Amino acid sequence: MNIAIVGAGAMGCRFGAALFTAGYEVILVDRWQAHVEQINQYGLSVENEDGVHQVRIKAVAPECINTPIDLIIVFTKSVDTEDMMARCQAIIDEDTSILTLQNGIGNLDILARYVQEEQLFAGTTTYAANLQGPGSVAAFGSGYSEIMHMGGKRKNGAEQIVSLFQQAGLHAGVSENVIKSIWEKAAFNSILNPLCTLTLSSVAQVGSYSGISEVIDGMLNEIDLVAKAEQVDFDKEKVKQTIYRVCHPSMSGNHYSSMYYDIQNRRKTEVDFLNGAIWARAKKHHIQVPHLSLLYHLMKILEQSACRS
Ligand code: NAD
1 MNIAIVGAGA MGCRFGAALF TAGYEVILVD RWQAHVEQIN QYGLSVENED GVHQVRIKAV
61 APECINTPID LIIVFTKSVD TEDMMARCQA IIDEDTSILT LQNGIGNLDI LARYVQEEQL
121 FAGTTTYAAN LQGPGSVAAF GSGYSEIMHM GGKRKNGAEQ IVSLFQQAGL HAGVSENVIK
181 SIWEKAAFNS ILNPLCTLTL SSVAQVGSYS GISEVIDGML NEIDLVAKAE QVDFDKEKVK
241 QTIYRVCHPS MSGNHYSSMY YDIQNRRKTE VDFLNGAIWA RAKKHHIQVP HLSLLYHLMK
301 ILEQSACRS
């Protein structure tokens, strides 16, 4: 089986390196030329609890690969999914399976424009990673990925991907309801990421504000209404508990959200696939979401200014 990681940022490199080290044929596909060149010249540097490892995996620009791939794992930022899929059409045929483990609501709709539903797999992951520079990734801690087949034939496809992951030391299992998990993760990110970004605060600083429960509860109630209208089995209490646990100063330390760093680096954020995606669905169902809407528009103004200057 050959595997392509489309979007070899922090997470793509972490998963790609694990699968490659386990003996699979893996190629990293990315638009960032300096990153691709660094990996091909010196290998991918992966730092984890055991030290720093040079992984001799190969990387390529999307335009430079045209071999059909058995399994594509999409790990672009959501905002780049469409562009990368358009550039990667030469590696997709009717036997290709595509898995997204990205954050956000809407990636599946984009992928469904490129393959049949039976070729599609979706999931969420609690693994984390950070790019330290071109060709260098920090991959600390462990995690778990849940994966589901989106419909049609290839019914045991999710089990096969889970087994592949497990052989690479990546904990994983088959999901019964991945849309629920995607929404719950999106709710978490829609609340904490813009709050940290707009207030220039760490997660702990946001969590230690005395009035924070009013903001969190207000947003969660709105997301719950939209999820119900979309017939998503959303567990508001579970998301609330996760947010309060992560926000607790003893838990999150000085951690800043990835959205905060995207703005600092003048890069587009995933807000359109988080607050924006839920806001659009609220409009469709004529549901008022004032908290969510305000945070969304403030983030869009900030993103516009950051990416223009
Ligand atoms: P990332 O920001 O590390 O990389 C995304 C893309 O941006 C890659 O194509 C990368 O090459 C490019 N890029 C990064 N820095 C660049 C630079 N300086 N110049 C030019 N291009 C650059 O993205 P990620 O954190 O791997 O996230 C991928 C997906 O996984 C997202 O949907 C994210 O929400 C999700 N996710 C991330 C984490 C995490 O810990 N990073 C955890 C769970 C889910």
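Counting from 1, one number per residue, gives the positions in the sequence shown under UniProt numbering.
All residues carry an ideal CB built from backbone N, CA and C; glycine is no exception.
Fair warning: this is a prediction, and the values are worked out from it, not measured in the lab.
Rounded to the nearest angstrom, the Cβ distance from Ala112 to Val178 is 14 Å, too far for a contact under 8 Å.
One thing to note: Ile3 has its Cβ no nearer than 7 Å to the Cβ of Leu28. Between the beta-carbon of Thr124 and that of Ser181 there is about 5 Å, and that keeps the pair under the 8 Å contact cut. Listed in chain order, the beta strand (DSSP E) runs fully inside the UniProt domain "Ketopantoate reductase N-terminal" (3-147) are 25-29, 44-48, 51-55, 58-60, 71-74, 97-100, 120-125, 130-133 and 136-138, counting runs of at least 3 residues. In this structure, Leu198 is the residue among Asp233, Gly211 and Leu198 with its C-alpha nearest to the C-alpha of Tyr260. Within the stretch 154-228, the complete alpha helix (DSSP H) runs of at least 4 residues fall at 157-167, 178-199 and 203-207. Membership of Tyr260 in the alpha helix (DSSP H) is indicated by the continuous run Ser258 to Gln264.
When C-beta atoms of the stretch 183-195 are compared with those of the stretch 213-225, three or more pairs fall below 8 Å, so the two segments count as touching. Asp83 has its CB no nearer than 6 Å to any heavy atom of ligand 1. For the options Val137, Arg154 and Val162, the alpha carbon positioned closest to that of Ala10 is the one of Val137. Taking the CA atoms as reference points, Val162 sits about 21 Å from Trp183. According to the DSSP assignment, Val246 belongs to the alpha helix (DSSP H) that extends over Lys236 to Cys247. Apart from sequence neighbours up to five positions away, the residues of its chain that approach Arg87 with a beta-carbon distance below 7 Å are Pro62 and Glu63, ordered along the chain. Contact between Gly135 and Leu44 is confirmed by a C-beta separation of about 6 Å, below the 8 Å threshold.
Assigned with DSSP and collapsed to three states, His285 falls in coil, not helix or strand.
Proximity of the beta carbon of Met11 to ligand 1 is indicated: a heavy atom of the ligand is located closer than 6 Å.
Under the DSSP assignment, Lys268 falls outside any alpha helix (DSSP H); it carries neither an H nor an E label.
Arg281 is classed as buried because its beta carbon has at least 16 other beta carbons within 10 Å across all chains shown. DSSP links His149 through a beta bridge to Phe121. The beta carbons of Ala187 and Leu225 sit about 12 Å from each other, so the pair does not count as a contact at 8 Å.
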